[in-house]
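Under the working numbering, the first residue of the sequence shown carries the number 59, and numbering increases by one thereafter.
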Amino acid sequence: IANYINGRSNCVDASGYYSVCCLNECEPLLGHLEREVGEPDAAPERIAEIVAKLPSATVKAPREMSTELRGRLTEIAGQHGGRVPLHGRLFGEWLHYAYPRECPYPHRSGTTSPMTADEWIAETGGNNLATSAEMQRHVEAAGATGAAAAAGAIEGVP
Numbered sequence: 059i060a061n062y063i064n065g066r067s068n069c070v071d072a073s074g075y076y077s078v079c080c081l082n083e084c085e086p087l088l089g090h091l092e093r094e095v096g097e098p099d100a101a102p103e104r105i106a107e108i109v110a111k112l113p114s115a116t117v118k119a120p121r122e123m124s125t126e127l128r129g130r131l132t133e134i135a136g137q138h139g140g141r142v143p144l145h146g147r148l149f150g151e152w153l154h155y156a157y158p159r160e161c162p163y164p165h166r167s168g169t170t171s172p173m174t175a176d177e178w179i180a181e182t183g184g185n186n187l188a189t190s191a192e193m194q195r196h197v198e199a200a201g202a203t204g205a206a207a208a209a210g211a212i213e214g215v216p
């Protein structure tokens with residue numbers, strides 16, 4: 059979800075110089091970590107201790123960090139002399155798993171080609187707008203299943 063919300067396709071090109079995009083809800087979380095650590099890297103135990111106490115809009119704190127999350131931090135540290143770099147792709151990936159709704163998944167360089175809606179239209183010749191009839195078909199198709207899906211939503215997930 060975070061990758062979609064923070065994707066270039068959700069930005070509005072306000073001018074030729076800048077775009078207006080959704081706020082990245084991961085940035086305040088990373089900022090808190092940076093302030094607490096005060097260094098560009100930290101021991102995996104220190105990061106786990108801070109994150110266990112750090113709530114977000116969708117993650118309650120304090121929480122018990124899973125064995126998998128702690129293990130992954132240790133693996134990252136093992137590749138970097140026993141410390142976890144706060145600004146590396148692997149730590150960004152770890153943050154995505156710790157805060158999946160706030161932190162986007164950092165894809166490997168060159169594996170994705172994000173585009174704005176205008177770039178997609180120019181490249182494909184497609185239309186990114188749905189007609190009223192198309193929207194109505196989707197509303198009708200979702201009518202009965204939407205209520206059932208909402209009633210069976212995963213517990214604890216907003």
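Virtual Cβ for every residue (Gly too), placed ideally from N, Cα, C.
Alpha carbon to alpha carbon, what distance is there between residue j and residue i?
i, j, result
"residue 209", "residue 154", "Because residue 209 sits at a pLDDT of 45, beneath the cut-off of 50, its placement in the model cannot be relied upon, and the following sentence gives the value as read from the coordinates. Distance between the alpha carbons of residue 209 and residue 154: 27 Å."
"residue 119", "residue 105", "14 Å"
"residue 211", "residue 162", "The pLDDT assigned to residue 211 is 42, lower than 50, so where the model puts this residue is not dependable; a value taken from the coordinates is nonetheless given after this. Roughly 22 Å between the two C-alpha positions."
"residue 177", "residue 81", "22 Å"
"residue 73", "residue 150", "30 Å"
"residue 226", "residue 128", "Because the chain in this structure spans residues 59 to 216, residue 226 falls outside the shown range and cannot be described."
"residue 75", "residue 103", "42 Å"
"residue 124", "residue 197", "39 Å"
"residue 71", "residue 90", "30 Å"
"residue 183", "residue 152", "37 Å"
To the nearest whole angstrom, what separates the beta carbons of residue i and residue j, a pair I think is in contact under 8 Å?
i, j, result
"residue 144", "residue 92", "6 Å"
"residue 135", "residue 101", "7 Å"
"residue 147", "residue 164", "5 Å"
"residue 122", "residue 110", "7 Å"
"residue 94", "residue 108", "5 Å"
If the criterion is Cβ atoms closer than 8 Å, does the pair residue i and residue j meet it?
i, j, result
"residue 77", "residue 69", "yes"
"residue 173", "residue 181", "yes"
"residue 160", "residue 87", "yes"
"residue 99", "residue 166", "no"
May I ask you to list the residues that DSSP assigns as paired with residue i?
i, result
"residue 99", "143"
"residue 77", "71"
Using only the heavy atoms of the ligand COA, determine whether one of them is closer than 7 Å to the beta carbon of residue i.
i, result
"residue 156", "Questions concerning the ligand COA fall outside what the structure shown contains, since it holds no ligand whatsoever."
- Message: Tell me whether the region 188-195 and the region 106-126 touch, counting them as touching only if at least three CB pairs, one residue from each stretch, are closer than 8 Å.
- Response: Output reads no: the region 106-126 does not touch the region 188-195.
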